[in-house]
Every structure is written in C-alpha cells, then in structure tokens.
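Participant: This is the structure I want to talk about, given as structure tokens.
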Amino acid sequence: MKRQSMISGAMVLAVGMLLVKLLGLLCKIPLSRILGTAGMGYFSASYTLFTAVYGLTVTGLTGAASQCTASLMAQGRYGDCKKLLTGSVKWYTLTGLAGCLLLLGLAPVLCALIHSPKSQPGLWMIAPAVLFSCLAAALRGHFEGTRNMTPTSLSQVAEAGVKLICSVGLSMGVLWWGEREFQRTGQVLGQSASNWEEAQAILLPWASAAALLGITLSTLAGTIVLALLLKHQPPFTSFLAKQAPPTLKQSQQIRQLWKLALPITFSSVITSVTSLIDLFTIPSGVRQAAAAAPQLYFSLSQTLEPGQQLSELLYGAYTMALAVFHLVPSFTGLLGKTALPAITESRMGQRPQSIGRQLKLVVGGSALICVPAGLAMGLVSPLITHILYGAQNGWQVIAQTMALLAPGAVCCGLAVPLYSVLQGLGRADLPVWFLLIGSGVKMAGNLMLIPLPQLGLSGAAIATDLCYALVLGCCFWAVWREKWKLEAKKSPTQ
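Quick note: the sequence shown, position 290, residue 290 per UniProt numbering, numbers continuous.
Now the structure itself:
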C-alpha cells in the first residue's frame, strides 16, 4: 500500500477539519444561545480545568507515537511498529485512567480554587473524556506515523457529530425538564424560585454539565471509530511485520515513547497554563477595575441575569471570543502534524533540502490560513459575533475582545505548526521553554493591565498577543538554527 505524502495527508486532515469545525460551529452557536454568557462561563471554567489535566495526560501522546512509528518505518522495522502499538495502547490507557480519577477526586478542590463551585458538576461529567482520549491518542499516533491520516480525520468527524447531537440535546433536555418541573411545583432541583429567570439560574450549572457530558460521549465515539478501522482496515505495517520481526523489547520502546512525549506534554501543559492564568486573573482583575471606576461598568452591570456577577459575564464573553481565536491554530496545526513524520524521516536520512521544502510548505500554508483569518477577526468582529452568538448580553464585549485578539491569532497560527517542525528536528524541548517565557509575559500582562479601569478585559487580550508574538519569534529563530546545523553536518566541507 502506498503511504500518503505530506500534501495529500494535509488535504485529508484539512477536509476532515473543515467538517469538524462546521459541526463545531453548529454545536457552539445553539449551545451559546441555550446557556447564555453565564452558562458558558460555567462551561468554560470546567473545560479549562479539564484541558489542564488533558494536556498533562493526553497531548503529546499522539505526536510521540507518530514520531516513534515514523522512525521505525524509516528503518524498515515493521515488527517493532506493531509491538509499539500494543505497548502504547496499554500504557496510554493507564495514563488516561489516572487522569480521569485525578479530575474526579480533585473536582471540589479545583472549583473552590477558582471560586466557581457551580462548575463542579461539569468537571465530573467531562472527566472520563481523559481516558477515552488517551486510548484514541495511541491509535491515531500509529496511523499518522504510517502516514495514513484518514482514520484520524474520520474519527474527528465522528467526535464532532456526536458532540453536536449530545451536547445540544442534553443541555436542552435539562432546561426543558427544569421548566416543566418549575411550572408544576414552583421548584427546581429542590430549590424554590419566584420566576423562570431564577429557576434558569439554578439549572444553568447542570445544563452546562450536560453539554460537557456530550463531549465525553463524543470522545468515546471517536475511539470506537478508530478501533473499528484498526480491526477492519489495519495499517500496511501489519502485512509487513512478519517480514521484519521485532528487535526491541517493549519496555525499550515505551521508554523511547515517553522520552518523546514528555517534552510535548510539558509544552501542552504550559499552553493550557495561559488559559488557567486567564481563569484565575480575569475575574479578580475585572472586579478591581469595576471597583476603581464603577461608572465605566454601570451600563454593563444593568444587563446581568439574576444571580450573575459582572466577572462571570466578562469571563464568559472572553472565552467566547477565545473560541474563535483557537480556530486559527487548529487549522494550521494540521500542516505541522502532517509534516512531522516527513521531517523526522528527512532528518534521519540527512536530507536538509527536503526539510527546507517541507518547511516552506508549512510556513506558507499557515500564512495563507492565519493572515486572512486575523484580518477577519480584526475588521468584522461584530458581524462574526452576531452570526455565531446573536445579540445576547455582552455581545459588544465579545466583538471588542475578538478584534484585539486578532494579532495573537496570527502569531499563534504560525507558531503552532512550528512546534511539530521542531519536534521532527529532534528538539521537542524548545517549544516548552518558549511557551514558558510567553506564559510569564502573559501572567505579567494580565496582572498589570486587567485591573486598569480603562482596559479591563482588553488587557487580557493584549497580554495574549504579546505572549504569542514572543513565542513565534523564538520558534522561527530555533527552526532556522536547527536547519543550519543539519546543513553544516551534511556539508562535506565542514
């Protein structure tokens, strides 16, 4: 069987990602209108805590499995590829189970730390997604390492479809049940309410939790799709494994796997740290800003729902703008993912010219995606906000924040695929340090800018822009340096 090239693999992933994002928008638009800014605040708080554990346990596993498999493929060690799959499934599942239990056990403590106890049900509902995602990471890594991107694409589309149906359907079901219960008894979940607005405020944390349960079910669906594809359409390494029996012990392979995964995992954890920084600093910062100049926030305070605080409204609005921001690197990251196996093989084969061609494709393709996207975010953010979220409370804040995040979206969109390039060049540790420095800038920016009454929430967006501009500059420098070192090593005159 013929393996996919970098371009064909990118096309497969791009088509899948377009479908995923379309289904994601079809989910996010009704979900944001069902839950409102308050409900989305609970949803985002739980999801941000989840992504921290997700980054610690899941992110990096797919890339590590892909790189190990690609390296073994380049050496013709097909039996070791099959053995690696077996070991990665076992150890990744144990890792996912540990992450799931960690979230379930620490949910009360984590929600207390962020002063959002109403986010606890959502954290319970999404915790099993860590387990299913780890198992899926092992399967996706094996397929991607053999340059077969189709299973990854199909599983992601399946996840998005199940998420659309379950998240929207379950959250609507909770509110529908609550409305009937309120009309019948005047109570909701054992609590009395004088009107439907108060009853809805009681229900929103549980409606958000139902939406997060939909995410868990979607990860289960994606894992099932991958398992079925592996069973009925196994990678071509299965046919070649008998010709090249394993030469390494499974323990040696797993050590190599974790050696590659840990730097990427640390990088992902640090990436999620920026979201945690926002989670911890935005509510307190805007409270300080509003206390210093209440007249600037008076009109916004008049739009609050019963029981809702200004900090919850603003944090919910920020996460809605940030959702559009994250669309950009999610597309450009596909180019890095497809380049990773090719760059790994080129590095092992001492072919710097091939790396140069792949690098041009990655950077050029990323620029074609993120520059127009950044311009759209900056120039027509009110239109995007109305299309996605409607004219709900705080829509002006969402639009303003989205416009301010546009430069950061361009920088992040260019930087994310370069993480994979550096991983393929054997320097997966460098993005960790770059993101650590960027997170320091983000933390300092949030602490200094958000409490300023004239900036408030805008300070968080500005700090994000500065963070990713610095990270992008560091990534470009590192890629150029590593490529130059490889060329110098290859040159016979050196």
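Just so you know, even glycine gets a beta-carbon here, dropped at the ideal spot from N, CA and C.
Could you give the residue range of the alpha helix (DSSP H) that holds Q295?
Facilitator: No alpha helix (DSSP H) holds Q295; DSSP gives it neither H nor E.
Participant: Residues in its own chain within less than 7 angstroms of L470 by CB, not counting five upstream and five downstream?
Facilitator: Only I437, G438, V441 meet the Cβ criterion.
Participant: Are the beta-carbon atoms belonging to R140 and L25 less than 8 angstroms from one another?
Facilitator: It is not a contact, given that the beta carbons lie outside the stated cut-off.
Participant: Could you name the residues of the same chain whose beta carbon sits closer than 7 angstroms to that of L447, not counting the 5 residues immediately before and after it, in chain order?
Facilitator: Excluding sequence neighbours, L447 sits near T281.
Participant: Measuring straight from C-alpha to C-alpha, what distance separates P453 and Q400?
Facilitator: Roughly 16 angstroms separates the two Cα atoms.
Participant: For N446, report the span of its alpha helix (DSSP H) as first-last.
Facilitator: Looking at the DSSP string, the run of the alpha helix (DSSP H) that includes N446 is 430-449.
Participant: Quick check on the burial criterion: 16 or more other C-beta atoms within 10 angstroms. Buried or exposed for V416?
Facilitator: Buried, by the Cβ-count rule.
Participant: How many angstroms separate the CA atom of V58 from the CA atom of A409?
Facilitator: In a straight line, the C-alpha of V58 is about 24 angstroms away from that of A409.
Participant: Which term fits Q295, buried or exposed, when burial requires 16 or more other beta carbons within 10 angstroms of its beta carbon?
Facilitator: With fewer than 16 other Cβ atoms within 10 Å, it is exposed.
Participant: So L472 and G459 are supposed to be a Cβ contact under 8 angstroms. How far apart are they, rounded?
Facilitator: Going by Cβ atoms, the distance from L472 to G459 rounds to 21 angstroms, so no, they are not a contact pair.
Participant: For C81, which of K485, L327, H142 has the nearest alpha-carbon?
Facilitator: Residue H142 is the option with its Cα nearest to C81.
Participant: Could you give the distance in angstroms between the alpha-carbon of A317 and the alpha-carbon of I398?
Facilitator: The alpha-carbon atoms of A317 and I398 are separated by roughly 5 angstroms.
Participant: Between which residues of its own chain and G186 is the CB-CB distance below 8 angstroms, once the five residues before and five after are set aside?
Facilitator: Counting only Cβ-Cβ distances below 8 angstroms, and skipping sequence neighbours, we find S192, A193.
Participant: Between L474 and F434, is the Cβ-Cβ spacing less than 8 angstroms?
Facilitator: Checking the sequence shown, residue 474 turns out to be Cys, not Leu. Yes, these two residues count as a Cβ contact at 8 angstroms.
Participant: Quick one: using the 10 Å Cβ neighbour count with 16 as the cut-off for buried, is T364 buried or exposed?
Facilitator: Looking at the sequence shown, residue 364 is not Thr but Gly. The residue is exposed, with fewer than 16 neighbouring Cβ atoms inside 10 Å.
Participant: Note the first and the last residue of the continuous alpha helix (DSSP H) segment covering L217.
Facilitator: Its alpha helix (DSSP H) spans residues 196-232.
Participant: Give every residue of the same chain whose Cβ lies closer than 7 angstroms to the Cβ of residue 522, excluding the five residues on either side of it in the sequence, and list them in chain order.
Facilitator: In the structure displayed, the chain extends from 1 to 494; residue 522 sits before or after that span and is not available.
Participant: Taking the DSSP output, what are the residues bridged to S192?
Facilitator: Paired residues: Q187.
Participant: With C-beta atoms as the reference, is L279 less than 8 angstroms away from I387?
Facilitator: The answer is no: Cβ separation not under 8 angstroms.
Participant: From T219, L230, C166, pick the residue whose C-alpha is nearest to that of A207; which is it?
Facilitator: The residue with the shortest Cα to Cα distance from A207 is C166.
Participant: Measuring CB to CB, does V20 end up less than 8 angstroms from V157?
Facilitator: Contact: yes.
Participant: Could you tell me whether the Cβ atoms of E144 and S66 are closer together than 8 angstroms?
Facilitator: Yes, they are a contact pair.
Participant: Which term fits W484, buried or exposed, when burial requires 16 or more other beta carbons within 10 angstroms of its beta carbon?
Facilitator: Exposed, by the Cβ-count rule.
Participant: Between which two residues does the alpha helix (DSSP H) carrying I387 extend?
Facilitator: Start and end: 381-389.
Participant: So, at 7 angstroms on beta carbons, what are the nonlocal neighbours of A45 in its own chain, with the 5 sequence-adjacent residues on each side left out?
Facilitator: Once the five neighbours on either side are set aside, the close Cβ partners of A45 are I114, S116, S119, L279.
Participant: What residue does the alpha helix (DSSP H) around A409 start on, and which one ends it?
Facilitator: Looking at the DSSP string, the run of the alpha helix (DSSP H) that includes A409 is 395-424.
Participant: Measuring alpha carbon to alpha carbon, tell me which of P451, A64, A488, A478 ends up nearest R255.
Facilitator: Of P451, A64, A488, A478, the residue nearest in Cα terms is A64.
Participant: Since I believe T69 is in contact with M125 (beta carbons under 8 angstroms), could you give me their beta-carbon distance rounded to a whole number of angstroms?
Facilitator: No, M125 and T69 are not in contact; Cβ-Cβ is about 33 angstroms, not under 8 angstroms.
Participant: For G99, count neighbouring C-beta atoms within 10 Å of its own C-beta (all shown protein chains included) and say buried if the count is 16 or more, exposed if not.
Facilitator: Answer is buried; the Cβ neighbour count reaches 16.
Participant: Rounded to a whole number of angstroms, what is the C-alpha to C-alpha distance between residue 499 and L404?
Facilitator: As displayed, the chain neither begins before 1 nor continues past 494, which places residue 499 out of reach and without an answer.
Participant: In the structure shown, what three-state DSSP assignment does P235 receive?
Facilitator: Residue placement at P235 is poorly supported in this model, since its pLDDT is 48, which falls under 50; the coordinates still yield a value, given next. Here P235 sits in coil by DSSP.
Participant: I need the boundaries of the alpha helix (DSSP H) containing S133, first residue and last residue.
Facilitator: 128-145 is the span of the alpha helix (DSSP H), which, as asked, contains S133.
Participant: Would you call V162 buried or exposed, if buried means 16 or more other Cβ atoms sit within 10 Å of its Cβ?
Facilitator: Buried, by the Cβ-count rule.
Participant: Taking only three categories from DSSP, how would you classify Q454?
Facilitator: Coil.
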